[in-house]
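S.K.:
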Amino acid sequence: MAFQLPPFFYSLRRLLFVLAWSVSLGLAFGAAPSTILWKLSMVFQLVVFVIILSKYFTFHHELGFLREFHYLSQTMDDIRRLESGKPFDHLLKAVVHLMRFDRSIFFLKESETNFIRPVSWQNIEQNLITDLEAKGNDFSLGFWASLNKNEPEIILPSSKAFHALSELFCQNPKQEFLTAPIIGEKNFLGFILALRDISRERFSDDDLVQMQVLADQLGITLKNHFLHKEVAQKAEQLERQNLQIHKELELAKMIQDSVFPRSPPNWKGISFAAYRRSARFVGGDFYNYLGGCRWGDSLCENATCGNCPRQVQGILIGDVCGKGIPAAIGMAMVNSLLNEKVVYFMSDPARILTEVNLSLKRYLGAESRFNSSAFVGFYEPKEQKFVYSNAGHDFPLYYNSKDKSLSSLESTGTLLGLFRESKFSAKEIKLQSGDRLFFYTDGLVDFFEKHQNSEDGFGPLKSFMLNRISYNVHDFIKEISNLVGLVPGEGDDDITAVMMAME
Numbered sequence: 001m002a003f004q005l006p007p008f009f010y011s012l013r014r015l016l017f018v019l020a021w022s023v024s025l026g027l028a029f030g031a032a033p034s035t036i037l038w039k040l041s042m043v044f045q046l047v048v049f050v051i052i053l054s055k056y057f058t059f060h061h062e063l064g065f066l067r068e069f070h071y072l073s074q075t076m077d078d079i080r081r082l083e084s085g086k087p088f089d090h091l092l093k094a095v096v097h098l099m100r101f102d103r104s105i106f107f108l109k110e111s112e113t114n115f116i117r118p119v120s121w122q123n124i125e126q127n128l129i130t131d132l133e134a135k136g137n138d139f140s141l142g143f144w145a146s147l148n149k150n151e152p153e154i155i156l157p158s159s160k161a162f163h164a165l166s167e168l169f170c171q172n173p174k175q176e177f178l179t180a181p182i183i184g185e186k187n188f189l190g191f192i193l194a195l196r197d198i199s200r201e202r203f204s205d206d207d208l209v210q211m212q213v214l215a216d217q218l219g220i221t222l223k224n225h226f227l228h229k230e231v232a233q234k235a236e237q238l239e240r241q242n243l244q245i246h247k248e249l250e251l252a253k254m255i256q257d258s259v260f261p262r263s264p265p266n267w268k269g270i271s272f273a274a275y276r277r278s279a280r281f282v283g284g285d286f287y288n289y290l291g292g293c294r295w296g297d298s299l300c301e302n303a304t305c306g307n308c309p310r311q312v313q314g315i316l317i318g319d320v321c322g323k324g325i326p327a328a329i330g331m332a333m334v335n336s337l338l339n340e341k342v343v344y345f346m347s348d349p350a351r352i353l354t355e356v357n358l359s360l361k362r363y364l365g366a367e368s369r370f371n372s373s374a375f376v377g378f379y380e381p382k383e384q385k386f387v388y389s390n391a392g393h394d395f396p397l398y399y400n401s402k403d404k405s406l407s408s409l410e411s412t413g414t415l416l417g418l419f420r421e422s423k424f425s426a427k428e429i430k431l432q433s434g435d436r437l438f439f440y441t442d443g444l445v446d447f448f449e450k451h452q453n454s455e456d457g458f459g460p461l462k463s464f465m466l467n468r469i470s471y472n473v474h475d476f477i478k479e480i481s482n483l484v485g486l487v488p489g490e491g492d493d494d495i496t497a498v499m500m501a502m503e
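Written out as structure tokens, the structure is:
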């Protein structure tokens, strides 16, 4: 460590200087002009004046540097200017102006290739820049590494770097070189190589100090620029990914919509209407109409027997756990299994649910926590009975037109996919003209609970149905659609509603 004088020494020096100047000033006014003391006093006064004048210009220069540096630091932080076609030109131009360089080159180190490349230059011949770019100077091998001292440095004529730079810049003996590394968070980002004609002005220690200040600011600016650029690239990448996901979701929605019935069936004596809204692009609710003739336990494949006495009409509705894409995938699987089992066990809803549950456990494994509710029901016109089985689904509402009562079709088994040993039973009710069955998913109950300010949405839902029991099925479902549509944006859960009326 260099020896440093104590602070009081500088204060004593200033005091002695002031005393000597005061004595000299007194002699200048008190002594005769022809005396030696008067002449010495005048010489001393001239020296003092020169020193004061030098200090004034030095202070004025430093103050000007600080003012320009303050402006430069603000322009350096303007990220928008760094997004221009030549992002580093205005940085180097500002540094050259502030430091009074004759020529200068701004080099950046490429993190992937470890090459040092010129990115901006002032008063440098293009052929020199072309040669530098063609060489692709490897920082780890070339003499550039010797310039990385982590602080600004004046290249001495005795150094190898000076001779290499002199050859590079046409061996001009009247020029000096200064290098200033740019460091950002302890990482070497690049450096500035500056040249100055020594016949005009040589590099000084003040230049090194000022260049260090500028290099620190440049390191912060470049680091912010690279971070901003990285964030912009990631944002652009996320935008492309989001667009791709949006297209895939649109395709998934189109595929899922094709699974649902396009229109209600035209069955004699029964009318249907349905409404469905997913909380997101796709959802986990499903429903379908089941119709055909029973041939033993299975579905008759002969489509020409229009007035078959074994004809049955049915409906299935369900809700897979979760929302969005996972629920949609589960919905596709459960819906496919239900439609498959219907073919083999027509009009036996308990057997259908049992077989679907076994298939789910076989496909998903014993440790799976996947589950789905489902309701399957068949109406047999000949006997005017409705046979159903309910696997943990929200209780459908049954309106008996004879006694004007409203009751629920309760569960006859657990949710599908929970236990391999789950058992499902079937129940039946008699249906007559004017009776109605309303099937829905829990999203509709939650909707009434939230938007009707009720602790339980099941009560308001029953009141809603009773108040509109005289509506035909299409008007009733339209009322639900209008009510749900009043709430903008995505819903909290998928909503499905199906009204079945006996004519």
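All the letters of the sequence shown, read from the start, carry residue numbers 1 to 503 under this note's numbering.
We treat Cβ as the ideally placed atom computed from N, Cα and C, and that holds for glycine.
Everything numeric in this text was worked out from a predicted model, so none of it was measured.
Could you pull the start and end residues of the beta strand (DSSP E) that Gly318 belongs to?
M.R.: Gln311 to Val320 is the span of the beta strand (DSSP E), which, as asked, contains Gly318.
S.K.: Which residue marks the beginning of the beta strand (DSSP E) containing Gln244, and which one marks its end?
M.R.: First-last for Gln244: Asp205 to Val259, but that is the alpha helix (DSSP H), not the beta strand (DSSP E).
S.K.: On a CA-only basis, which of Phe386, Pro152 and Gly365 is nearest Ser347? Give me that one, please.
M.R.: Out of Phe386, Pro152 and Gly365, Phe386 has the C-alpha closest to the C-alpha of Ser347.
S.K.: Distance check for Phe191 and Leu5, CA to CA, integer angstroms please.
M.R.: Because the pLDDT of Leu5 is 49, which lies under 50, any placement of that residue in the model is unreliable, and the question is left without a value.
S.K.: Does Ser359 come out as helix, strand or coil in the three-state DSSP assignment?
M.R.: In this structure, Ser359 counts as helix in the three-state DSSP scheme.
S.K.: Among all the DSSP beta bridges, which residues are the ones paired with Gln175?
M.R.: Answer is Asp197.
S.K.: Would you give the residue range spanned by the beta strand (DSSP E) that Phe437 belongs to?
M.R.: Inspection of the sequence shows that residue 437 is occupied by Leu rather than by Phe. Its beta strand (DSSP E) spans residues Arg436 to Tyr440.
S.K.: Taking the alpha-carbon positions, what's the Ser405 to Lys462 distance?
M.R.: Their Cα atoms are separated by approximately 11 Å.
S.K.: Kindly give me the distance between the Cβ atoms of Arg276 and Thr496, rounded to whole angstroms, as I take these residues to be in contact under 8 Å.
M.R.: 5 Å between Cβ atoms; contact.
S.K.: Give the range of the beta strand (DSSP E) segment to which Gly377 is assigned.
M.R.: Its beta strand (DSSP E) spans residues Ser372 to Glu380.
S.K.: Can you give the Cα-Cα distance for Leu364 and Phe370, rounded to whole angstroms?
M.R.: Straight-line Cα distance between these residues: approximately 8 Å.
S.K.: Given a threshold of 16 other Cβ atoms within 10 Å of its Cβ, counted over all protein chains shown, does Ile198 qualify as buried or as exposed?
M.R.: Exposed.
S.K.: When you compare the CB positions of Phe424 and Ile315, do they come within less than 8 Å of one another, or not?
M.R.: No, Cβ-Cβ distance for Phe424 and Ile315 is not below 8 Å.
S.K.: Go ahead and label Asp456 buried or exposed: buried means 16 or more other beta carbons lie within 10 angstroms of its beta carbon, across all protein chains shown.
M.R.: Exposed: under 16 other Cβ atoms inside 10 Å.
S.K.: Cα separation between Gly269 and Met502?
M.R.: Each residue's Cα considered, the two are about 6 Å apart.
S.K.: Given that a residue counts as buried once 16 or more other Cβ atoms are within 10 Å of its Cβ, and exposed if not, what is Gln256?
M.R.: Buried: at least 16 other Cβ atoms inside 10 Å.
S.K.: Assign Val282 to buried or exposed, taking buried as 16 or more other Cβ atoms, counted over all protein chains shown, within 10 Å of its Cβ.
M.R.: Val282 should be labelled buried.
S.K.: Check whether the Cβ atoms of Asn381 and Gln311 lie closer than 8 Å to each other.
M.R.: A quick correction: the sequence has Pro, not Asn, at residue 381. Yes, these two residues count as a Cβ contact at 8 Å.
S.K.: Hey, how far is the Cα of Ala94 from the Cα of Asn114?
M.R.: Approximately 27 Å, taken between the alpha carbons.
S.K.: Given Leu218, which residues of its chain have a CB within under 6 Å of its CB, disregarding the five upstream and five downstream residues?
M.R.: Excluding sequence neighbours, Leu218 sits near Ile182.
S.K.: Which residue from Ile480, Ser389, Ile124 and Ile220 puts its Cα closest to that of Ile447?
M.R.: Residue 447 is actually Phe in this sequence, not Ile. Phe447 has its Cα closest to that of Ile480, out of Ile480, Ser389, Ile124 and Ile220.
S.K.: What residue does the beta strand (DSSP E) around Pro118 start on, and which one ends it?
M.R.: Here the beta strand (DSSP E) through Pro118 covers Ile116 to Gln122.
S.K.: Mind checking which residues open and close the alpha helix (DSSP H) that includes Glu340?
M.R.: Segment Gly324 to Tyr344, the alpha helix (DSSP H) holding Glu340.
S.K.: For the ligand PLP, is there any heavy atom lying closer than 7 Å to the beta carbon of Asn390?
M.R.: Within the structure as shown, the ligand PLP is missing, as the structure has no ligands at all.
S.K.: Do you know offhand how far Val356's Cα is from Val334's?
M.R.: Those two C-alpha atoms are separated by around 8 Å.
S.K.: With a CB to CB cut of under 6 Å and the five nearest residues on each side skipped, what residues in its chain are close to Tyr379?
M.R.: Here the set comprises Gln313 and Phe386.
S.K.: Which same chain residues end up closer than 6 Å to Leu444 when comparing Cβ atoms and leaving out the 5 residues on each side of it in sequence?
M.R.: Counting only Cβ-Cβ distances below 6 Å, and skipping sequence neighbours, we find Ile495 and Ala497.
S.K.: Please report how far the alpha carbon of Lys478 lies from the alpha carbon of Gly485, in whole angstroms.
M.R.: Taking the straight line joining both Cα atoms gives about 10 Å.
S.K.: For the putative contact between Asp429 and Tyr471, defined by C-beta atoms under 8 Å, what is the C-beta separation to the nearest angstrom?
M.R.: According to the sequence provided, residue 429 is Ile. The question's Asp does not apply to it. That pair is no contact at about 22 Å.
S.K.: Using the Cβ count rule (16 or more neighbours within 10 Å means buried), how would you classify Asn390?
M.R.: Looking at its Cβ environment, which holds 16 or more other Cβ atoms inside 10 Å, Asn390 is buried.
S.K.: Mind checking which residues open and close the beta strand (DSSP E) that includes Lys430?
M.R.: Looking at the DSSP string, the run of the beta strand (DSSP E) that includes Lys430 is Lys427 to Lys430.
S.K.: Would you decide whether His97 is buried or exposed? Buried here means 16 or more other CB atoms lie within 10 Å of its CB.
M.R.: Answer is exposed; the Cβ neighbour count stays below 16.
S.K.: Considering only the beta carbon of each residue, do Phe177 and Leu189 sit closer than 8 Å?
M.R.: No, the Cβ-Cβ distance between Phe177 and Leu189 is not below 8 Å.
S.K.: Excluding the 5 residues preceding and the 5 following Asn150 in the sequence, name in chain order all residues of the same chain whose CB lies nearer than 7 Å to its CB.
M.R.: The residues are Pro181 and Ile183.
S.K.: Using DSSP with H/G/I as helix, E/B as strand and the rest coil, what is Ala350?
M.R.: Looking at Ala350 - three-state DSSP - the assignment turns out to be helix.
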